[in-house]
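Participant: Sending over a structure as structure tokens; questions will come in a sec.
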Ligand code: PEP
Ligand code: MG
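In our numbering, the protein residues as written are 641 to 1566.
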């Protein structure tokens, strides 16, 4: 048993021994119930809903009772024993069931059979156990046959009991580890298959009564031989064996693993539901089925389900026979030829349809229901909130809100951010992905899926793109020179880098699939070797950028539906609820337009240096490089003069694309080494333009190289050493704004100073800003140009001295990429090489570059907001690090009283949802 489980079991011991159990069994059936649907903690999901269906809704539910989760906790805390009164209480409840059903458990004439099923608080599909037909013994079998006049049915029920009981109670719960993974269920299944083969039968229903009787005898003998124990021939022994096995299954290996993945507390325990059996396998007027009140795949408001005539529940899910559709709507390619329940049992179908409508109206949600029809009578066996995919979740929430079934706050909680994300990107076909083997894992930097042929440099990516071929650009790491190739590729895969590395930032901004930091991959001479596999240029690979999984080969894809009306309608519901504003990080007019489509309310980060990336930016980039390698004021001024028109025009276009909304323009913050050309051709051209020798240029480039560029000459430091760099940018902003204002376009620029650590830096820059502002006012004849000046908070010292920073700064924008880097001391570009070990060994719970580390980085943010707003009460506060698109971080920002979050265009819908959910969870007024 893993340590975590041992510990939680100990914790459970302490709790339960302190607490006494007042009521351990809850009855339901015949229009009455001790419990109700709100008692999931005590009765488990299944038990609570059975009580609700029977007691509140008066639906036809076979009578039964639920043994509470507290008994399970007691059982584990007390060496697998029960509270002293349990046997008596179970017997009393069994009596009530007997009375209601008119049968007696263990009776030779009119025996009652029961099912025993687990039912945890939160559903754990397939993880725990069910035993049907409990109570069939050599004594009760003749009574059952006489009563049902159906020997075949009775032996069919008996062989199922032996199989389930031997597997669940006698093997698994007894802790027997079968040899070669061949458990008793498999052994018995093979026996059944042998008979069918020998007789030439296709389905179980073809077995005759005599064959089934012999099979049961054979099953019992086999159980004895294999498990060295007799199959119990006493109804009560069977019942208590089954109850104990369900409690034992709570700590079965599968169940523990599932809970660890789903983060379900180990101390919750499961309830046990004992319920009188109804049979879908008594003949042609009986059936069993599973249905959803709406289509869980599309969200359409159509009753949707499958059923099987003459079968028990497990047959529908087991896939032995192809289930038939319950109605026309539910037909699919496999079931097209089969008769619907509506056709063969119209009256029962109408009753079922009435019940499903009643259930949805009652629960205000889509439900998954299980039913059985015994000799033409309908019984409800289960109902629970149904699982659904992203598209269906969005459609159902929107439809239910529109039809006033739920309010806006409920609607926004019905869709998880991950489900919404499903709608925004093409993804790998889940079926194809499941069948494929993961060849390597990296960090999930850009969501969605992609399949393409491997290329190793930007030029090849462009060549593939131009030839109409899909490719995936594989690099050690990327830099701005790769950007056009990155744009041309379907996806990007790098061996190095973290979640905020260049490749990750750029890809996410484009909504492109990207995996970074895939450290297992070795790239040499255009060959990847990874985990014993060799991949060459032109080979197909597929990526799941949401998980960070790499596959060899071309997997099928599923399209995204970003522009669909239902999605947009759903996001409008989110907007009714949220209080945070959602901005975007965008550097081009195209990205701004895309972000507006997704509902962005401004730009929270326009990185000036990003205008030097991508298509059509060659001239601007060339001038920027000239500026970077300039060695004198004159040279730099000349380069800036050439750069100015590019800057102004780009800023103007972006301001215009965001008309009516604020645009935060950040002063240039280029990691200089990234912008120095790497290839000889570009270096040569640059030397010519500067009229210096190649060797001289190499020397200058070498002089720019820093040992620690992330903490080097960047951000505001550039503006301090080269005031003319700030001056040029600010002039471009003011002139562009003035021109747009004259064109009657509403623009609201916010000038943002990055990488500051003291308020004096901001004051220094504000002197330049003020001077240029006045010069532009004079030149344009304008009285004022509305704007704000603020700073990024990306260095711990800035956060800790936020009261001083808020003196000159009118707004703060948290640059949590750098703030995380500086707080942890983890390089944002190199974390990929060790993060895996940190996560695998539970040193860190998750990548701090993905979701804000609330304890450390979060504390700096709390301090900064508090101190900043003390000094300047109306201080505007936002975030523009990559965390601005992470749902949990958005929630954190809401809690800290931020005005807005800013994220890449494709994350805007997720942020709108997360901001609305934060209001529901933590409150907040519009
Ligand atoms: C940050 O540091 O969070 C930020 C947004 O700036 P950049 O990623 O450009 O350093
Ligand atoms: Mg930064």
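Note that CB positions come from ideal geometry on N, CA and C, so glycine has one too.
Please read these numbers as outputs of a predicted model, since none were measured by experiment.
#1: Output the distance between the C-alpha atoms of residue 1521 and residue 1434, rounded to the nearest integer angstrom.
#2: Can you give, in chain order, each stretch of the alpha helix (DSSP H) that sits fully within the region 1035 to 1065 and has at least 4 residues?
#3: Can we count residue 757 as close to ligand 1, meaning its CB is less than 7 Å from some heavy atom?
#4: For ligand 2, which residues count as neighbours when the test is a C-beta closer than 5 Å to any heavy atom?
#5: Nearer than 7 Å: is that true of the beta carbon of residue 1520 relative to any heavy atom of ligand 1?
#6: Return yes when at least one heavy atom of ligand 1 lies under 7 Å from the C-beta of residue 1309, else no.
#7: Quick one: what does DSSP say residue 788 is sitting in, helix, strand or coil?
#8: Can you list, in chain order, the residues of its chain with a C-beta nearer than 6 Å to that of residue 1202? Leave out the 5 residues immediately preceding and following it.
#9: Find the nearest neighbour of residue 1131 within the set 1184, 1119, 735 and 1000, judged by alpha-carbon distance.
#10: Any idea what DSSP makes of residue 1296, helix, strand or coil?
#11: Which whole-angstrom value is the C-beta distance of residue 1519 and residue 1538, which I expect to be below 8 Å?
#12: Note down, in chain order, each residue of its chain lying with its Cβ closer than 8 Å to the Cβ of residue 1363, except the 5 sequence neighbours on either side.
#13: Quick one: Cα of residue 1149 to Cα of residue 1040, how far?
#14: Apply the 10 Å Cβ neighbour rule to residue 1328 and answer buried if 16 or more other Cβ atoms are within range, or exposed otherwise.
#15: With a threshold of 7 Å (Cβ to nearest heavy atom), would residue 1509 be considered close to ligand 1?
#16: Verify whether the separation of the beta carbon atoms of residue 1376 and residue 1281 is less than 8 Å.
#17: Can you give me the start and stop residues for the alpha helix (DSSP H) that residue 830 sits inside?
#18: So within the region 1354 to 1392, which uninterrupted alpha helix (DSSP H) runs reach at least 4 residues, ignoring any that extend past its ends?
#19: Suppose you measure from the CA of residue 1088 to the CA of residue 685; what does that come to, to the nearest Å?
#20: Less than 6 Å between C-beta atoms, sequence neighbours within five positions excluded: which residues of the same chain meet that for residue 1176?
#21: Name the residue from 1274, 880, 878 and 905 whose alpha carbon lies nearest to the alpha carbon of residue 891.
#22: In three-state DSSP terms, what is residue 1189?
#23: DSSP on residue 1108, reduced to helix/strand/coil?
#24: Going by C-alpha distance, which of 713, 707, 671 and 1145 is nearest residue 698?
#25: Which residues bound the alpha helix (DSSP H) around residue 1116?
#26: With DSSP collapsed to three states, give me the class of residue 951.
#27: Could you spell out where the beta strand (DSSP E) holding residue 1331 opens and where it closes?
#28: Compute the Euclidean distance between the alpha carbons of residue 1005 and residue 753, then round it to the nearest angstrom.
#29: Ends of the alpha helix (DSSP H) at residue 1516?
#30: Beta-carbon separation of residue 867 and residue 811 under 8 Å?
#31: Name the DSSP beta bridge partners of residue 1302, please?
#32: Which class does residue 1232 belong to by DSSP, given the choice of helix, strand or coil?
#33: For the alpha helix (DSSP H) holding residue 1146, just list the boundary residues, first then last.
#34: Using the Cβ count rule (16 or more neighbours within 10 Å means buried), how would you classify residue 726?
#35: If you reduce the DSSP assignment to three classes, tell me which class residue 1132 lands in.
#36: May I have the straight-line CA-CA distance separating residue 1381 from residue 1419, to the nearest angstrom?
Facilitator: Let's see:
#1: For the purposes of this step, residue 1521 is identified with residue 881 of the chain shown, where counting begins at 1. For the purposes of this step, residue 1434 is identified with residue 794 of the chain shown, where counting begins at 1. Between residue 1521 and residue 1434, the C-alpha separation is close to 9 Å.
#2: 1048 to 1053 and 1057 to 1062
#3: Translated into positions along the chain shown, residue 757 becomes position 117. Checking the Cβ of residue 757 against ligand 1 gives no.
#4: 1434, 1455 and 1458
#5: For the purposes of this step, residue 1520 is taken as the residue at position 880 of the chain shown. Flag set: Cβ of residue 1520 near ligand 1.
#6: The residue labelled residue 1309 in the question sits at position 669 within the chain shown. Yes.
#7: For the purposes of this step, residue 788 is identified with residue 148 of the chain shown, where counting begins at 1. Residue state, collapsed to three classes: helix.
#8: Stepping through the chain shown from its first residue, residue 1202 is reached at position 562. In this prediction, residue 1202 has a pLDDT of 48, which is less than 50 and means its spatial position is unreliable; nothing more can be read from the coordinates.
#9: The residue you call residue 1131 lines up with position 491 of the chain shown. When each option's Cα is compared against that of residue 1131, the closest is 1184.
#10: As a first step, residue 1296 must be located in the chain shown, where it is residue number 656. Looking at residue 1296 - three-state DSSP - the assignment turns out to be helix.
#11: The sequence position of residue 1519 within the chain shown is 879, counting from 1. The sequence position of residue 1538 within the chain shown is 898, counting from 1. Confirmed, Cβ separation roughly 6 Å.
#12: Walking along the chain shown from the start, residue 1363 turns up at place 723. These residues qualify, in order along the chain: 1408.
#13: For the purposes of this step, residue 1149 is taken as the residue at position 509 of the chain shown. For the purposes of this step, residue 1040 is taken as the residue at position 400 of the chain shown. Taking the straight line joining both Cα atoms gives about 33 Å.
#14: On the chain shown, residue 1328 is found 688 positions in, with the first residue counted as 1. Exposed: under 16 other Cβ atoms inside 10 Å.
#15: Position 869 of the chain shown, counted from the start, is the residue given in the question as residue 1509. No, ligand 1 has no heavy atom inside 7 Å of this Cβ.
#16: What you label residue 1376 is simply residue 736 of the chain shown in a count that begins at 1. What you label residue 1281 is simply residue 641 of the chain shown in a count that begins at 1. The answer is no: Cβ separation not under 8 Å.
#17: Residue 830 sits at position 190 when you count from the first residue of the chain shown. Its alpha helix (DSSP H) spans residues 824 to 839.
#18: 1356 to 1361 and 1363 to 1382
#19: Translated into the one-based positions of the chain shown, residue 1088 becomes position 448. Translated into the one-based positions of the chain shown, residue 685 becomes position 45. Their backbone Cα atoms lie some 33 Å apart in a straight line.
#20: The residue given as residue 1176 occupies position 536 in the chain shown. Result list for residue 1176: 1167, in chain order.
#21: Within the chain shown, the letter at position 251 stands for residue 891. When only C-alpha atoms are compared, the closest one is 905.
#22: Numbered from its first residue, the chain shown carries residue 1189 at position 549. Note: residue 1189 maps to strand in three-state DSSP.
#23: The sequence position of residue 1108 within the chain shown is 468, counting from 1. Coil.
#24: By 1-based counting over the chain shown, the position of residue 698 is 58. When only C-alpha atoms are compared, the closest one is 671.
#25: Walking along the chain shown from the start, residue 1116 turns up at place 476. According to the DSSP assignment, residue 1116 belongs to no alpha helix (DSSP H), since it is labelled neither H nor E.
#26: Counting from 1 along the chain shown, the entry for residue 951 is found at position 311. Annotated three-state conformation of residue 951 is coil, per DSSP.
#27: Indexing the chain shown from 1 puts residue 1331 at position 691. Neither: residue 1331 is in no beta strand (DSSP E) and is coded neither H nor E.
#28: Working through the chain shown from its first residue, we reach residue 1005 at position 365. Working through the chain shown from its first residue, we reach residue 753 at position 113. Whole-angstrom Cα-Cα distance: 33 Å.
#29: Within the chain shown, numbered from 1, the residue matching residue 1516 stands at position 876. Taken as a continuous stretch (DSSP letters only), residue 1516 belongs to no alpha helix (DSSP H), being part of the beta strand (DSSP E) at 1516 to 1519.
#30: Here the question's residue 867 lines up with position 227 in the chain shown. Here the question's residue 811 lines up with position 171 in the chain shown. Result yes, Cβ atoms of residue 867 and residue 811 sit closer than 8 Å.
#31: In the chain shown, residue 1302 corresponds to position 662, counting from 1. In the DSSP output, where bridge partners are listed per residue, residue 1302 has 1388.
#32: One-based indexing of the chain shown puts residue 1232 at position 592. Secondary structure at residue 1232: helix, using DSSP grouped into helix, strand and coil.
#33: Locating residue 1146 in the chain shown gives position 506, where the first residue counts as 1. Element bounds for residue 1146: 1142 to 1150.
#34: For the purposes of this step, residue 726 is identified with residue 86 of the chain shown, where counting begins at 1. Residue 726 comes out buried.
#35: Stepping through the chain shown from its first residue, residue 1132 is reached at position 492. In the structure shown, residue 1132 sits in a strand (DSSP, three-state: E or B).
#36: Working through the chain shown from its first residue, we reach residue 1381 at position 741. Working through the chain shown from its first residue, we reach residue 1419 at position 779. If you take the alpha carbons of residue 1381 and residue 1419, they lie about 14 Å apart.
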